[in-house]
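**Student:** Can you read through this structure? Questions will come right after.
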Amino acid sequence: MKLISVTGEAVPASKGGSPADTFDRSIATWEADGKQQTFTVTYVRYFSKFLAEQGVYDQEAEGVPVSHLVAVLYKEKHPQAKESRHYINNTDDFMALFADFSLAAFKERYPGVVGLTHA
């Protein structure tokens, strides 16, 4: 499998002040056997801040948004995942994605991938 692109977005708010205002989505597109597959992970927006508070990863200091990492890290940690959409609402599960994480090593594994530079 080859990673083609990775990006992130805030989940669009719904009518009526939905709690959806508090979620982000990480989107990674892979290519395998000439076919593209998009893989998404939706997670609680606060988790990005929590990573920084715990000294694990600070997107402001590193210049690459957490949302540009999560889908790829999830796919790496769960290679047998068959579904293309996932949801994380537990800090322990989210933190497990970043166990032993290194941005330098990540960029080395996926050189030239669109979305890994901070816009």
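In this note's numbering, the protein residues as written are 12 to 130.
Glycine is no exception: its CB is placed at the ideal position from the N, C-alpha and C atoms.
As the structure is a prediction and not an experimental result, all values here were calculated from the model.
Once you ignore the five residues that flank MET12 on each side, which residues in its own chain have a CB closer than 6 Å to its CB?
**Tutor:** Your numbering for residue 12 matches position 1 in the sequence shown. Closer than 6 Å at the Cβ level, and outside the excluded window around MET12, lie TRP41 and ALA43.
**Student:** When the distance is taken between beta carbons, is TYR98 closer than 9 Å to TYR54?
**Tutor:** As a first step, residue 54 must be located in the sequence shown, where it is residue number 43. As a first step, residue 98 must be located in the sequence shown, where it is residue number 87. For TYR54 and TYR98, yes; Cβs fall inside 9 Å.
**Student:** Classify GLY19: buried if its beta carbon has 16 or more other beta carbons within 10 angstroms, exposed otherwise.
**Tutor:** Position 8 of the sequence shown, counted from the first residue, corresponds to residue 19. Answer is buried; the Cβ neighbour count reaches 16.
**Student:** Can you list the alpha helix (DSSP H) stretches of 4 or more residues lying completely in the region 72 to 116, in chain order?
**Tutor:** Runs of the alpha helix (DSSP H) inside the region 72 to 116: 81 to 88 and 102 to 108.
**Student:** Going by beta carbon distance, what residues of the same chain come within less than 7 Å of LEU108, once the five residues before and after it are set aside?
**Tutor:** Locating residue 108 in the sequence shown gives position 97, where the first residue counts as 1. Excluding positions up to five away in sequence, the list reads VAL81, LEU84, TYR85 and LYS88.
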